[in-house]
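Asker:
Residue numbers (the working numbering): 2 to 200.
1. So residue 124 and residue 15 are in contact, right, with Cβ under 8 Å, and what is the actual spacing, rounded?
2. For residue 163, I'd like the list of residues in its chain whose CB is within less than 8 Å of its CB, leaving aside the five on either flank, ordered along the chain.
3. Where does residue 153 land, buried or exposed, given buried means 16+ other C-beta within 10 angstroms?
4. Going by beta-carbon coordinates alone, are residue 7 and residue 133 separated by less than 9 Å?
5. Determine the DSSP secondary structure at residue 24, reduced to helix, strand or coil.
6. Please report the Cβ distance between residue 12 and residue 144, rounded to the nearest whole angstrom; I am assuming they are in contact, meaning their Cβ atoms lie under 8 Å.
7. Kindly indicate which residue of 114, 73, 29 and 85 has the alpha-carbon position closest to the one of residue 55.
8. As an exercise, report each continuous alpha helix (DSSP H) stretch of at least 4 residues that is fully enclosed by the stretch 77-148, in chain order.
9. Would you mind stating whether residue 60 and residue 129 have Cβ atoms separated by less than 9 Å?
10. Does the Cβ of residue 195 have 16 or more other Cβ atoms within 10 Å, making it buried, or fewer, making it exposed?
11. Closer than 7 Å by C-beta to residue 111: which residues in its own chain qualify, once you throw out the five before and the five after it? Chain order, please.
12. From the DSSP output, in three-state form, read off residue 73 for me.
13. Do residue 76 and residue 85 count as a contact pair if the criterion is CB distance below 9 Å?
14. Let me check understanding here. Comparing Cα to Cα, which of 49, 93 and 127 lies closest to residue 177?
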């Protein structure tokens with residue numbers, strides 16, 4: 002696999018699932034009344050926690066698969082189905098998040114499931130076991146976490162530029178791309194299972 006292609010694809014796949022720009026309307030509505038300092042700290046802690054969650058699953062995912070005797074192709078199919086569901090939900094429209102206390106924002110819903118949700122976890126485990134390797138996966142996580150931090154830190158400006166409708170349109174486009182990636186993962190998994198079975 003070409004090195005540049007591996008890094009670019011790994012970054013893009015996780016970027017689509019992270020969907021920081023698509024999450025701007027939800028995040029903005031949850032934090033618009035917070036003190037600017039508290040808001041920045043909430044963002045910082047949330048993206049750090051999301052990054053830690055993804056690193057843990059990226060590095061420990063293989064152990065989980067081995068423990069439960071699950072093959073990489075089994076996980077590709079399951080992960081693809083999960084991503085497809087996430088994509089369909091995104092295409093149909095997410096339910097707007099309810100107002101919650103500021104101290105609860107850091108972990109839920111911002112760190113997980115909006116950023117490090119089932120889709121993102123599936124992607125990093127797939128990248129680790131799908132031929133991309135440690136370096137592209139870790140770079141993808143770090144780059145996407147940093148990008149999410151920047152986008153969410155300046156989400157008020159992004160929100161003003163895109164507007165609510167613009168952010169939602171972008172989210173729909175990302176969901177469509179995610180659906181295509183999910184189908185590709187399912188196809189690879191099925192072909193892998195068939196090859197292993199000698200079909």
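Glycine included, C-beta positions come from ideal geometry on N, C-alpha and C.
Answerer: Taking the coordinates as given:
1. Looking up residue 124 in the chain shown gives position 123. Looking up residue 15 in the chain shown gives position 14. Rounded, the Cβ-Cβ distance is 5 Å, consistent with contact.
2. For this step, residue 163 is matched to residue 162 along the chain shown. Correct list, in chain order: 22, 25 and 171.
3. Taking the chain shown and counting its residues from 1, the one referred to as residue 153 is at position 152. It counts as buried.
4. Position 6 of the chain shown, counting from 1, holds the residue named residue 7. Position 132 of the chain shown, counting from 1, holds the residue named residue 133. Against a cut-off of 9 Å, the Cβ pair of residue 133 and residue 7 comes out as a contact.
5. As a first step, residue 24 is located in the chain shown; it is residue number 23 there, counting from the start. Coil.
6. Your numbering for residue 12 matches position 11 in the chain shown. Your numbering for residue 144 matches position 143 in the chain shown. Between residue 12 and residue 144, the beta carbon gap of about 6 Å places them in contact (Cβ cut-off 8 Å).
7. Sequence index remark: in the chain shown, residue 55 carries index 54 (1-based). Sorting 114, 73, 29 and 85 by C-alpha distance to the C-alpha of residue 55 places 114 at the top.
8. 103-106 and 119-130
9. On the chain shown, position 59 is the one that residue 60 refers to. On the chain shown, position 128 is the one that residue 129 refers to. Contact: yes.
10. Locating residue 195 in the chain shown gives position 194, counting from the first residue. Result: exposed.
11. Position 110 of the chain shown, counted from the start, is the residue given in the question as residue 111. Contacts found: 28 and 47.
12. What you label residue 73 is simply residue 72 of the chain shown in a count that begins at 1. Helix.
13. Counted from its first residue, the chain shown places residue 85 at position 84. Counted from its first residue, the chain shown places residue 76 at position 75. No. Outside cutoff.
14. Here the question's residue 177 lines up with position 176 in the chain shown. The residue with the shortest Cα to Cα distance from residue 177 is 93.
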